[in-house]
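Numbering (the numbering used here), first residue to last: 131 to 369.
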């Protein structure tokens, strides 16, 4: 992995997308001062200080989109969960790619593809991690949130944490591209907080309700509604 540090930027994803022609494959674009970060569904990712992680991994696996690329967020989700576990906490995954601790969000992921006509120029895999956030800032975030320093009672070295994540991601990456989501399926499922629970999932302007019974071989959520009808959801947001 190469590393490209930015002193201050509005969004690492935006910077990476706009400069993707000049950014080599497997480059981590990161900053400790991001002024306009965002998550999935255009949600704002609040800036919580310089002792947290705001980063994007630039990947150029091929010039054609493949199904497995859509699962890269889930790969990063498992990687982040494994790193969190090294700090002695118990992370849980909210499908498809949020990480929570004790029901509170601690990390989010946003993947964006960059295309030129029918050709894929690259994938930008952005992630934010709450490492060292004061409780008063967490209290003002618009959803339940936590931080690794709050959960462990210790200050977290951001550079060490980022290196752990990128090293572990590299260990998985090539094999994951070859084998797909099945490589991490069981690791993903054992950390899933939603399985065997009744959930509501919003997919664009439609909401599905039912029991989350499985995550399929391609990372989709299998839901069974009250009429025993099965739904396979490739995208969506658990409410």
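Even for Gly, the Cβ is constructed at its ideal location relative to N, Cα and C. None of the values given here were measured: they were computed from a predicted structure.
Which residues in the same chain have their Cβ closer than 6 Å to the Cβ of residue i, if we skip the five residues on either side of it in sequence?
| i | result |
| --- | --- |
| residue 367 | 332 |
| residue 150 | 244, 251 and 252 |
| residue 213 | 294 and 295 |
| residue 166 | 140 and 141 |
| residue 312 | 347 |
Using only the alpha-carbon positions, how far apart do residue i and residue j sit?
| i | j | result |
| --- | --- | --- |
| residue 219 | residue 248 | 43 Å |
| residue 140 | residue 317 | 34 Å |
| residue 211 | residue 158 | 19 Å |
| residue 297 | residue 285 | 21 Å |
| residue 160 | residue 288 | 11 Å |
| residue 163 | residue 351 | 35 Å |
| residue 236 | residue 271 | 12 Å |
| residue 191 | residue 303 | 10 Å |
| residue 360 | residue 354 | 5 Å |
| residue 138 | residue 204 | 28 Å |
| residue 339 | residue 267 | 33 Å |
| residue 283 | residue 261 | 11 Å |
| residue 178 | residue 234 | 15 Å |
| residue 188 | residue 145 | 11 Å |
| residue 207 | residue 265 | 24 Å |
| residue 290 | residue 216 | 12 Å |
| residue 334 | residue 305 | 32 Å |
| residue 246 | residue 356 | 43 Å |
| residue 365 | residue 180 | 32 Å |
| residue 292 | residue 328 | 35 Å |
| residue 171 | residue 273 | Here residue 171 scores only 45 on pLDDT, less than 50, and its place in the model is too uncertain to base an answer on. |
Looking only at its own chain, which residues have a Cβ that is under 7 Å from the Cβ of residue i, when we skip the five neighbours before and after it?
| i | result |
| --- | --- |
| residue 143 | 186, 240, 242, 254 and 256 |
| residue 362 | 346, 350 and 352 |
| residue 307 | 191 and 198 |
Keeping to the same chain, check which residues put their C-beta closer than 8 Å to that of residue i; ignore five residues upstream and five downstream.
| i | result |
| --- | --- |
| residue 231 | 214, 219, 220, 221, 222, 276 and 281 |
| residue 345 | 225, 315, 318, 319, 322, 325, 351 and 352 |
| residue 135 | 160 and 161 |
| residue 337 | 330, 331 and 369 |
Assuming residue i and residue j form a contact by the criterion Cβ under 8 Å, report the distance between their Cβ atoms to the nearest whole angstrom.
| i | j | result |
| --- | --- | --- |
| residue 224 | residue 324 | 6 Å |
| residue 358 | residue 342 | Not quite, the Cβ-Cβ distance comes to about 15 Å (not below 8 Å), so this is no contact. |
| residue 201 | residue 310 | 7 Å |
| residue 152 | residue 263 | That pair is no contact at about 33 Å. |
| residue 156 | residue 132 | 7 Å |
For the region 191 to 208 against the region 267 to 283, do three or more pairs of beta-carbon atoms, one drawn from each stretch, fall closer than 8 Å, so that the two count as touching? no
In chain order, which continuous runs of the beta strand (DSSP E) of length 3 or greater are located wholly inside the region 187 to 218? none
Runs of alpha helix (DSSP H) lying entirely within the region 277 to 333, each at least 4 residues, in chain order: If we require 4 residues or more, the alpha helix (DSSP H) runs fully inside the region 277 to 333 come out as 278 to 282, 288 to 309 and 315 to 319.
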